[in-house]
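All you need for this note's numbering is the position in the sequence shown, starting with 1, plus 9.
Note that beta-carbon positions come from the ideal geometry of N, C-alpha and C, so glycine has one too.
Keep in mind the model is a prediction, meaning the values are calculated, not measured.
Let me begin by presenting the structure, written as structure tokens, before commenting on it.
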Amino acid sequence: MDLLPDDHLEFLAGVRLSVPPVPITEFEQALVQELGGKGEVLARGLSPNPCWSTPARCAYQTHFQSLHLVVQLARPSLSEASVEELVVNLRNSGHGIAGIVTEPRVVAEFSEWLNVTRTPSSERALLEGLSQMRGKTHARYPALLPEFSTDRILCWPWIEGEPFRADLTSASPKLRAALVEAVLEQICVLGFVDGELDWSDVVALHGGRLAFRRISRAIAVPMGRNRFVLRYIASTLGENTADAARWLLELTGYRGSPQMKTRLVAVMSEVQPEFSGMRRILPPLAAFVGGWRALSNMGIERPLFLDYMHKSLVALADAQAAPGCVQEAQAAVIGTMLRNRFGDIVQGESIKEWVMASGMVALESLRYANRLAGEFRDEAISSRNPPDVTGHQTHLDRSFGYGMLTAILLVIFLVCLRWSYTVSVPWSTVLAVGVVVSAIAMFWSVSRMS
10 MDLLPDDHLE
20 FLAGVRLSVP
30 PVPITEFEQA
40 LVQELGGKGE
50 VLARGLSPNP
60 CWSTPARCAY
70 QTHFQSLHLV
80 VQLARPSLSE
90 ASVEELVVNL
100 RNSGHGIAGI
110 VTEPRVVAEF
120 SEWLNVTRTP
130 SSERALLEGL
140 SQMRGKTHAR
150 YPALLPEFST
160 DRILCWPWIE
170 GEPFRADLTS
180 ASPKLRAALV
190 EAVLEQICVL
200 GFVDGELDWS
210 DVVALHGGRL
220 AFRRISRAIA
230 VPMGRNRFVL
240 RYIASTLGEN
250 TADAARWLLE
260 LTGYRGSPQM
270 KTRLVAVMSE
280 VQPEFSGMRR
290 ILPPLAAFVG
300 GWRALSNMGI
310 ERPLFLDYMH
320 KSLVALADAQ
330 AAPGCVQEAQ
340 AAVIGTMLRN
350 RFGDIVQGES
360 IKEWVMASGM
370 VALESLRYAN
380 RLAGEFRDEA
390 ISSRNPPDVT
400 GHQTHLDRSF
410 GYGMLTAILL
420 VIFLVCLRWS
430 YTVSVPWSTV
440 LAVGVVVSAI
450 AMFWSVSRMS
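Written out as structure tokens, the structure reads:
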């Protein structure tokens, strides 16, 4: 049986499918214990059937006044003794791949996968962070309600929409392209990969946007490595295997020798055609699995986020999205990152710092013009020969004119910078061009003042 690099982990983690939901009476008791009177109110409107039930979480829908909410309870994590018992049972089962999935390395990966949700406070911190990012991502995420949330109980409004089916081919090409963008957005903008992503928890909204009803198991992308994701994707889709191998090694955190990179390139070239013939998959995206399997074949340790990043990309590739959808999604994510960066600059304390710094530039420019005028006057007075009043006056007028031009360009620069993020296309593009042009013209004007 030819396995993908994470198939053994998925087999071991499949125990989550058989976990029964928390009984509704026990769920109600937990609400009252955590939230007191507010918990009693939420408990009265609980639906009889759960929204989802996994080893780590169980959730029910409820009603509060006119709000349709979802309340999620964190369950105790599997203990080390339970994991050891599971491994022993698998070894004794005689299953065909029991020997593979019970290897120490695989069991360690499984334990790491379990530990992602071991601390409920981390999930609350993530949802609070996503609430602050609202409007800065194309996809929508749960908006946590702090007054109904603790570390153990989390509550947010239920997101209405048309759920995706497990078979992504049933979705329209536009929605599949939006899903590719959302997955890349999670990695590059939000800095995590969902290690238990269920496509039925992704819903289509009006206008072609998507929403995630929950984040099941957020695996953090290590700080600094998210910038390598887009480079790795660009190199892979551009069929630049050498660069793809370089960025793939960066994503693993492995600092190998040039010989190791050369060997990885060779293994990637061997594995990719083999995989392309095994599944109906677009050839450019087959290269992702080529690199993924090459790491596994070479025994290079793969971070958990990297396995699940590739897993999601392969699932999207199997959906037969348009050949250029990943490139388009990559460009859209870069645009989102740039808009967020400009937004951070022109909002809050940052805009005050920019205005203060720009004002100091304008003031310094006027001071420089006055200093030049004073020097011209002193030279005219101290010179034995009659001063060339006309030439000096022309130079002074020119310096003053450039000073005024600099001030005008500064105003144009600040106005374009402030509003380019808030207006819609095509005006946002026009204002962005205005930012660049006015900045270049302002520096040119200052240089001409001398």
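For residue i, which of the options has the nearest alpha-carbon?
| i | options | result |
| --- | --- | --- |
| S447 | V424, A107, A251, Y241 | V424 |
| F201 | R236, A187, L214, A213 | R236 |
| A295 | T250, M307, E259 | T250 |
| L40 | A134, S158, H72, S88 | S158 |
| C60 | G54, M307, P30 | P30 |
| I224 | V238, H215, S209 | S209 |
| L419 | R127, A450, G48, G300 | A450 |
| Q42 | V115, D160, L304 | D160 |
| T245 | A229, G299, P57 | G299 |
| S321 | F297, I309, A340 | F297 |
| N124 | A340, L51, I228, L95 | I228 |
| G204 | D316, L139, T438 | D316 |
| S130 | N98, H104, A90, Q81 | Q81 |
| L135 | W122, E121, P151 | P151 |
| N58 | A68, G105, G103 | A68 |
| A3 | A191, E49, S120 | Because residue 3 is not part of the residues shown, which for the chain are 10 to 459, the question remains open. |
| L44 | E121, K145, E156 | E156 |
Just to confirm, are residue i and residue j a CB contact at a threshold of 9 Å?
| i | j | result |
| --- | --- | --- |
| V189 | C334 | yes |
| F314 | P231 | yes |
| A253 | M277 | yes |
| R240 | G262 | no |
| A83 | I33 | no |
| L184 | G216 | no |
| L193 | V342 | yes |
| A65 | R226 | yes |
| L337 | A175 | Residue identity differs from the one stated: residue 337 is Glu in this sequence, not Leu. Not a contact, by the Cβ cut-off of 9 Å. |
| W165 | Q70 | no |
| E37 | A52 | yes |
| G54 | H72 | yes |
| R114 | G108 | no |
| V444 | F422 | yes |
Is residue i helix, strand or coil by DSSP?
| i | result |
| --- | --- |
| W167 | coil |
| R393 | Bear in mind that a pLDDT of 49 at R393, under 50, signals an unreliable position, so the number given afterwards is only what the model happens to contain. Three-state DSSP puts R393 in coil, outside helix and strand. |
| Q81 | strand |
| I162 | strand |
| S86 | coil |
| A65 | coil |
| V125 | coil |
| R311 | coil |
| Q70 | strand |
| P32 | coil |
| P59 | strand |
| F173 | coil |
| A227 | strand |
| A152 | coil |
| L139 | helix |
| L206 | coil |
| G286 | Its pLDDT being 48, under 50, G286 is placed unreliably in this model, and the value from its coordinates should be taken loosely. Three-state DSSP puts G286 in a helix. |
| V420 | helix |
| F452 | helix |
| G443 | helix |
In the DSSP assignment, find the unbroken alpha helix (DSSP H) run with residue i in it and report its ends.
| i | result |
| --- | --- |
| Y241 | 235 to 246 |
| V50 | 46 to 53 |
| V189 | 182 to 194 |
| V110 | 107 to 110 |
| T250 | 250 to 261 |
If residue i sits next to residue j, beta carbons under 8 Å apart, how far is it from one beta carbon to the other, in whole angstroms?
| i | j | result |
| --- | --- | --- |
| G170 | V212 | 3 Å |
| M307 | C197 | Between C197 and M307 the Cβ distance is about 26 Å, and since that is not below 8 Å, they are no contact. |
| V455 | T415 | 6 Å |
| R127 | S86 | 5 Å |
| R149 | A220 | 4 Å |
| V28 | S62 | 6 Å |
| R302 | V280 | 5 Å |
| M142 | L199 | 7 Å |
Tell me the residue span of the beta strand (DSSP E) that contains residue i.
| i | result |
| --- | --- |
| L219 | 219 to 221 |
| D203 | 201 to 203 |
| V212 | 211 to 213 |
Going by the C-beta, is residue i closer than 8 Å to any heavy atom of the ligand PLP?
| i | result |
| --- | --- |
| C67 | This structure simply doesn't include the ligand PLP, nor any ligand for that matter. |
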